[in-house]
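Asker: In this note's numbering, the protein residues as written are 20 to 323. A virtual CB, placed ideally from N, CA and C, is assigned to each residue, including glycine. If you're wondering where the values come from, they're calculated on a predicted model, not measured in any experiment.
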Ligand code: 6CS
Ligand code: FE
């Protein structure tokens, strides 16, 4: 398969034009998003949806998050990633495989149905995770394009995937909210350096390969600016697989926990990695490619 997005193979970084659509579907009145929302996602590479979940659903999601954090003993240990330098939990991956409630969230019409519309295809869950960013100790996620990693290390062929970040704690300007460079999704920043073996063992704590260079980041930030969408629990931030993003550390007492669901189009199934000797484990990059059937009412059913 031709590599349209070659990265980690040249001596210097390049800015390439995106060769794929963003919002794949033609908007119609039956769409789950308004025309304006669809156009915003297409143009800026992200979209904020407010008040997506009701109080009961949110309570259940926050309880489940607290339980998983307090007692991770029921979880597959390789899915638990701690912060570098301390034992604070940074992320728990494959939450949709390890929690019935999170499985319901992943299949929820308001997330999976919106992803299927924007990607104009059936979707499967490529990756899911809880990012905790605990108070005082939550460390930063340096700037990156998810797609560059998913292409290089997981073998994701094209830009036909997106993330849904479900805010489970208030994301304020102070506790390390997601920072996005709007419009950056239409530029592919190639990275230098070869992927180390078992890179995920370090990259999920602190990514040092597949990291864009400062000049490319400066070009994008000066051209497009930086936004940091905030919101109360239940807000959803959708962002395209190639939107440049990152987040600062959290030195406030207020945790910034979010659940991330990553949807990939069924027509964009993973192949062999484009810039790594071996694929990453399935807890970070699913390879069973089971299409999600978007449904509603699952969260209420899961807590009933
Ligand atoms: O490598 C990955 O797949 C993960 N790393 C980051 C920084 N964002 C996407 C994903 O969670
Ligand atoms: Fe990311």
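Just to confirm my understanding: we take residue 65, look at its own chain, exclude 5 residues before and 5 after, and list those with CB closer than 6 Å. What are they?
Answerer: Cβ within range, chain order: 199, 258 and 262.
Asker: Just the Cα atoms here: how many angstroms apart are residue 278 and residue 186?
Answerer: So the alpha carbons of these two residues sit roughly 7 Å apart.
Asker: Verify the contact flag: residue 276, CB atom, against every heavy atom of the ligand 6CS, threshold strictly below 7 Å.
Answerer: Answer for residue 276: no, Cβ out of range of the ligand 6CS.
Asker: Once the 5 residues before and after residue 290 are set aside, which same chain residues still bring their CB inside 7 Å of it?
Answerer: For residue 290, where only same-chain residues beyond five positions count, the Cβ hits under 7 Å are 20, 174 and 176.
Asker: Looking at the secondary structure, which residues open and close the beta strand (DSSP E) in which residue 56 lies?
Answerer: Run containing residue 56: none in the beta strand (DSSP E); it sits in the alpha helix (DSSP H), 54 to 63.
Asker: Name the DSSP beta bridge partners of residue 183, please?
Answerer: In DSSP, residue 183 forms a bridge with 257 and 280.
Asker: Does the distance from the C-beta atom of residue 160 to that of residue 272 stay below 8 Å?
Answerer: Going by C-beta atoms, residue 160 is not nearer than 8 Å to residue 272.
Asker: Could you pull the DSSP bridge partners for residue 67 from this structure?
Answerer: Residue 67 is bridged to 256.
Asker: Take every Cβ of the segment 20 to 34, pair it with every Cβ of the segment 206 to 216, and state whether three or more of those distances are shorter than 8 Å.
Answerer: Yes, since at least three Cβ pairs between the segment 20 to 34 and the segment 206 to 216 fall closer than 8 Å, the two stretches touch.
Asker: Which residues mark the beginning and the end of the alpha helix (DSSP H) in which residue 177 is found?
Answerer: Looking at the DSSP string, residue 177 is not in any alpha helix (DSSP H), and its letter there is neither H nor E.
Asker: Just to confirm my understanding: we take residue 268, look at its own chain, exclude 5 residues before and 5 after, and list those with CB closer than 7 Å. What are they?
Answerer: Counting only Cβ-Cβ distances below 7 Å, and skipping sequence neighbours, we find 157, 158, 159 and 195.
Asker: Can you check which of these residues, 165, 217 and 112, is closest to residue 148 by C-alpha distance?
Answerer: If we check each option's Cα against that of residue 148, 112 comes out closest.
Asker: Would DSSP call residue 265 helix, strand or coil?
Answerer: Of the three classes helix, strand and coil, the one that applies to residue 265 here is strand, per DSSP.
Asker: Mind checking which residues open and close the alpha helix (DSSP H) that includes residue 81?
Answerer: Run containing residue 81: 74 to 89, per the alpha helix (DSSP H) assignment.
Asker: Tell me which same chain residues have a C-beta within less than 7 Å of the C-beta of residue 252, skipping the five on either side of it?
Answerer: Only 77, 81, 186, 187, 188 and 189 meet the Cβ criterion.
Asker: Assign residue 104 to one of two classes, buried (16 or more other C-beta atoms within 10 Å of its C-beta) or exposed (fewer than that).
Answerer: Under this definition residue 104 is an exposed residue.
Asker: For residue 255, which residues in the same chain have their Cβ closer than 6 Å to its Cβ, ignoring the five residues on either side in sequence?
Answerer: Here the set comprises 68, 71, 183 and 185.
Asker: Looking at residue 87 and residue 118, is the spacing between their C-beta atoms short of 8 Å?
Answerer: Cβ atoms of residue 118 and residue 87: closer than 8 Å.
Asker: Quick check: the Cα distance between residue 151 and residue 275, rounded to an integer number of angstroms?
Answerer: Each residue's Cα considered, the two are about 6 Å apart.
Asker: Pairs of beta-carbons, one from the segment 126 to 144 and one from the segment 208 to 219, closer than 8 Å: are there three or more?
Answerer: Not touching, per the Cβ criterion.
Asker: Can you tell me whether residue 230 is helix, strand or coil according to DSSP?
Answerer: Three-state DSSP puts residue 230 in coil, outside helix and strand.
Asker: So who's on the other strand from residue 163, going by DSSP bridges?
Answerer: In DSSP, residue 163 forms a bridge with 264.
Asker: How far does the alpha helix (DSSP H) with residue 221 in it reach, from first residue to last?
Answerer: Here the alpha helix (DSSP H) through residue 221 covers 219 to 222.
Asker: Between the C-alpha atoms of residue 85 and residue 91, what's the straight-line distance to the nearest angstrom?
Answerer: Straight-line Cα distance between these residues: approximately 10 Å.
Asker: DSSP on residue 168, reduced to helix/strand/coil?
Answerer: Three-state DSSP puts residue 168 in a helix.
Asker: So, is residue 131 buried or exposed, given that buried needs 16 or more other C-beta atoms within 10 angstroms?
Answerer: Under this definition residue 131 is a buried residue.
Asker: What are the boundary residues of the beta strand (DSSP E) that residue 270 is part of?
Answerer: Premise fails: residue 270 is in no beta strand (DSSP E) and is neither H nor E.
Asker: Starting from residue 148, follow the beta strand (DSSP E) in both directions and report where the run begins and ends.
Answerer: Segment 142 to 150, the beta strand (DSSP E) holding residue 148.
Asker: Do you know how far the Cα of residue 79 is from the Cα of residue 323?
Answerer: C-alpha separation (whole angstroms): 10 Å.
Asker: Hey, how far is the Cα of residue 214 from the Cα of residue 114?
Answerer: Going by the C-alpha atoms only, they are around 26 Å apart.
Asker: What residue range is occupied by the uninterrupted alpha helix (DSSP H) comprising residue 136?
Answerer: Segment 133 to 138, the alpha helix (DSSP H) holding residue 136.
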